[in-house]
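Scroll down for the structure; my scribbles are underneath it.
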Amino acid sequence: MVHRTSERPYRQRTSEPSPVAQGPSAEGRAPPDLAVRAVISARRRMKDATDRLAPPELVLWEMATGVVVTKMLGAAARLRIADLLAKGALDGAAIAAETGQNADAMHRMMRALVSYGVFALDASGRFVNNFRSEALRSGRPGAARELIEYFATRSNVDAWNQLDETLATGRNGFGIEHGTSVWSWFDAHSGERDLFATAMMGMTVTTAPVIAKLYPWAELTRVCDVGGGRGTLLGELLVRCPSLSGVLYDNEGVVALASELLAQRGVLDRARLETGSFFERVPPSVGAYVLKNILHDWSDEACHRILTNVRAACAPGDKLVILEVLVEHDDASGVGPVSDVQMMMVCDEGRERSRQEYRRLLERAGFRLGRVTAHAMISAIEGVAS
Ligand SMILES: C[S@@+](CC[C@H](N)C(=O)[O-])C[C@H]1O[C@@H](n2cnc3c(N)ncnc32)[C@H](O)[C@@H]1O
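Numbered as in the working numbering, the sequence shown ends at 384 without a single skipped number.
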């Protein structure tokens, strides 16, 4: 069924600057852990209730067409259709003309997206934005457009085409399909690397208010964000803690844009940028280290090498803060299990881990487990150098 709407086309707004140009900030309030868990649980229960209104075969069929949604949303994101419709309603032919696509194919894709509740059709048969497609517009701090475009890239979807092989062998689909790691792939495909880095930046902006509350950052004097991407988290921490200074450490291609961002946040004078591999070394004697969404990309052995290098850079008592989603073995209630299978498919033995698994990794590398603050969106696991 096609959803028609009486919604008027969104009036043209002055285009918002991209997160990169803006130097994203996360002024929002941190949603409490209990509230997030309650919302996740309520949505699942409501979905369960509405799904029971239809035959289970239909529900499963809808779920099985997930690849249809992934690719169509990805195309809408890539072609910036939500930005176009922000200027006014357009029919499929006009969208196709603006984006250089085929008119018939465009109309049919847009109509199908409307049937999934993304975009709407107005009374004159023209497409308009709705509350879901608004989130696809460029320049949103959460960078959903880039995340969706990245997720639908051929390299990611092709990795998922190897699920049978991954299930049989445990090897990651990306490596089987492309014969290389996702990080080397990014080195050779800078467009995808930039898309991924912007998407990660958006996720950091979204979770930054939570991260700010998870740990007493103001207790630290210097911190190194290891694999810190373009410095979004470091920028947030330096803005929030005026006496803190920091080091950003990542691959060369990623760090290149960071100084601009940190300058826009007004904290470049308190930041140092260093490039290198955390498998070789990390900047020594900083006093405290952060690993956000790093360890879930790697096998236990690779994590051990990273943690050993961080430990070698620490003096006894120095702190390491791991920021990851915690996933317990028999708990499917949160967002972690889906993130976990994405790591399984795209990273070399990547996985989300439980509190005990992090404790073991930390202790093996010469840290003791310190404070753990769990949150449904992301948790802080502190290691203290023994
Ligand atoms: C999942 S992203 C997380 C980025 C950032 N910490 C965040 O949460 O937004 C993983 C990061 O690890 C970096 N990375 C991958 N291999 C690395 C290596 N050997 N040495 C340093 N950084 C690396 C990538 O460039 C990327 O920025």
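Glycine included, C-beta positions come from ideal geometry on N, C-alpha and C.
Who are the Cβ neighbours of residue i in its own chain at under 7 Å, not counting the five residues just before and after it?
{"i": "V180", "result": "F172, V344 and C345"}
{"i": "R279", "result": "N307"}
{"i": "P282", "result": "A311"}
So, for residue i: in the same chain, excluding its five sequence neighbours on each side, which residues have a beta-carbon less than 6 Å away from its beta-carbon?
{"i": "E144", "result": "L193, T196 and A197"}
{"i": "G368", "result": "E380 and V382"}
{"i": "K290", "result": "L231 and L321"}
{"i": "G21", "result": "Its pLDDT being 43, under 50, G21 is placed unreliably in this model, and the coordinates cannot settle the point."}
{"i": "A210", "result": "R238"}
{"i": "Q160", "result": "G171, I174 and E175"}
{"i": "A157", "result": "G171, F172, E175, M343 and V344"}
{"i": "Y148", "result": "L193, F194 and A197"}
Taking residue i as part of the alpha helix (DSSP H), name the residues at either end of that continuous run.
{"i": "V339", "result": "G334 to V344"}
{"i": "F184", "result": "V180 to A186"}
{"i": "L266", "result": "Unbroken run through L266: none, as it is neither H nor E."}
Just to confirm, are residue i and residue j a CB contact at a threshold of 8 Å?
{"i": "S352", "j": "E326", "result": "yes"}
{"i": "R76", "j": "S136", "result": "no"}
{"i": "A286", "j": "R35", "result": "no"}
{"i": "S390", "j": "L266", "result": "Only positions -1 to 384 of the chain appear in this structure, which leaves residue 390 out of reach."}
{"i": "V245", "j": "T273", "result": "no"}
{"i": "G146", "j": "G332", "result": "This sequence places Ile at residue 146; Gly is not what is there. No, they are not a contact pair."}
{"i": "R303", "j": "G364", "result": "no"}
{"i": "N154", "j": "A84", "result": "no"}
{"i": "R220", "j": "V116", "result": "no"}
{"i": "A95", "j": "D120", "result": "no"}
{"i": "A166", "j": "G72", "result": "no"}
{"i": "V112", "j": "A103", "result": "no"}
{"i": "A80", "j": "S122", "result": "no"}
In whole angstroms, give me the CA-to-CA distance for residue i and residue j.
{"i": "I376", "j": "T205", "result": "7 Å"}
{"i": "A372", "j": "D329", "result": "14 Å"}
{"i": "A92", "j": "A101", "result": "8 Å"}
{"i": "R110", "j": "G348", "result": "According to the sequence as given, residue 110 is Ala; it is not Arg. Each residue's alpha carbon lies about 34 Å from the other."}
{"i": "G168", "j": "Q340", "result": "13 Å"}
{"i": "V208", "j": "P30", "result": "8 Å"}
{"i": "R152", "j": "K69", "result": "9 Å"}
{"i": "A311", "j": "E55", "result": "56 Å"}
{"i": "A133", "j": "G90", "result": "20 Å"}
{"i": "L255", "j": "Y213", "result": "27 Å"}
{"i": "M201", "j": "R124", "result": "32 Å"}
{"i": "G225", "j": "W215", "result": "18 Å"}
{"i": "C301", "j": "I292", "result": "9 Å"}
{"i": "D316", "j": "A40", "result": "41 Å"}
{"i": "D223", "j": "A269", "result": "11 Å"}
{"i": "G251", "j": "D185", "result": "8 Å"}
{"i": "E385", "j": "S243", "result": "A question about residue 385 goes unanswered here, because the residues of the chain that appear run from -1 up to 384."}
Just curious, the beta strand (DSSP E) that residue i is in, first and last residue?
{"i": "D223", "result": "R220 to V224"}
{"i": "Y247", "result": "S243 to D248"}
{"i": "E272", "result": "A269 to T273"}
{"i": "S257", "result": "Premise fails: S257 lies in the alpha helix (DSSP H), A256 to Q262, not in any beta strand (DSSP E)."}
{"i": "G368", "result": "F365 to T371"}
For residue i, collect the residues of the same chain with a Cβ closer than 8 Å to its Cβ; drop the 5 residues on either side in sequence, then sort them by chain order.
{"i": "R366", "result": "L360, G381, V382 and S384"}
{"i": "E409", "result": "Any question about residue 409 goes unanswered here, given that the chain covers just -1 to 384."}
{"i": "A378", "result": "I209, L212, Y213, V319, I320, L321, R369, V370 and T371"}
*What are the uninterrupted segments assigned as alpha helix (DSSP H) that are 4 or more residues long and contained completely in the region 137 to 169, given in chain order?*
142 to 149, 152 to 158 and 161 to 167
*Which runs of the beta strand (DSSP E), 3 residues or longer, sit entirely within the region 284 to 319?*
286 to 290
*Which parts of the region 29 to 80 are runs of the alpha helix (DSSP H), unbroken and 4 residues or longer, counting only runs that do not cross its ends?*
31 to 49, 54 to 62 and 64 to 76
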